[in-house]
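Heads up: the sequence shown is residues 6 to 157, going by the working numbering. Working notes, structure below.
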Amino acid sequence: DPRVVLGLFTYGGVDGTNEIDIEVAKWGRTEVVASNYFYTVYPHTLGIAQPVSNGTRISLQGTYTTHQFTWTSDKVSFLGQHGFMTSPTENIFYSYQTPTAFAPSIPYTSAPLHMNLWLFQGKPPMNGQTVEIVIMTSSIPKHSGLLVIHIV
């Protein structure tokens, strides 16, 4: 539904900084070709750089998806996959890595992981249906910088 937003993200408490986002949303857009899947990284400090963001339109193949990002000191790499994947080379529907020029701005402060499901502009779903997202698993292997989330 164009009004439903699913966010999987780190958030350290100051808006516009130290945030790494995976968002499934059309932001109210009803065009069939509108992007509906976005990766965004906000700089570690306000004003040093603009956030970097990349989005695309995806069509799911099946019920399950796997979403992950790897956060290192000089980049954030994102990966979206069809299915319940454990290999980073299978069924990729979208991948993105922050540009090299953004390396000095990569977040470096630890931040809790958040997940939210909300309605764009607070308006009900256009199709009138109940929205449900089931998180099957999430994991952050110790000291890896990798976050893996499996969604139904």
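In this text, a Cβ means the ideal position worked out from N, Cα and C, and glycines have one as well. From a predicted model like this one, the values you see are computed outputs, not experimental measurements.
Per DSSP, what kind of secondary structure is T105 in: helix, strand or coil?
helix
Nearest CA to the CA of A108: which residue from P117, T71, E28 and T77?
T77
Return the bridge partner residues of F125 from the DSSP annotation.
Bridge partners of F125: none, in fact.
Need the endpoints of the beta strand (DSSP E) that D26 sits in, please.
Here the beta strand (DSSP E) through D26 covers I25 to A30.
Compare the C-alpha of I63 against each of V9, L118 and F98 and name the closest.
Considering only alpha carbons, the answer is F98.
Which stretch, first to last residue, makes up the beta strand (DSSP E) that contains H72?
T70 to W76
What does DSSP give as the partner residues of N59 in its beta bridges?
Y44
For a test of the three-state rule: what should DSSP assign to S64, helix, strand or coil?
Note: S64 maps to coil in three-state DSSP.
Taking G18 and L51 to be in contact with their CB atoms under 8 Å, please state how far apart those CB atoms are, rounded to whole angstroms.
Between L51 and G18 the Cβ distance is about 13 Å, and since that is not below 8 Å, they are no contact.
Taking the continuous beta strand (DSSP E) assigned at I138, which residues delimit it?
Note, I138: premise wrong, no beta strand (DSSP E); not H, not E.
Let me check understanding here. Comparing Cα to Cα, which of H49, P93 and G127 lies closest to T75?
P93
Can you tell which of I25, V9 and G85 has its C-alpha closest to the C-alpha of H119?
I25
Residues bridged to Y16 by DSSP?
Looking at the DSSP assignment, Y16 forms no beta bridge with any residue, so it has no partner.
Which residues share a DSSP beta bridge with V153?
DSSP lists Q73 and S144 as partners of V153.
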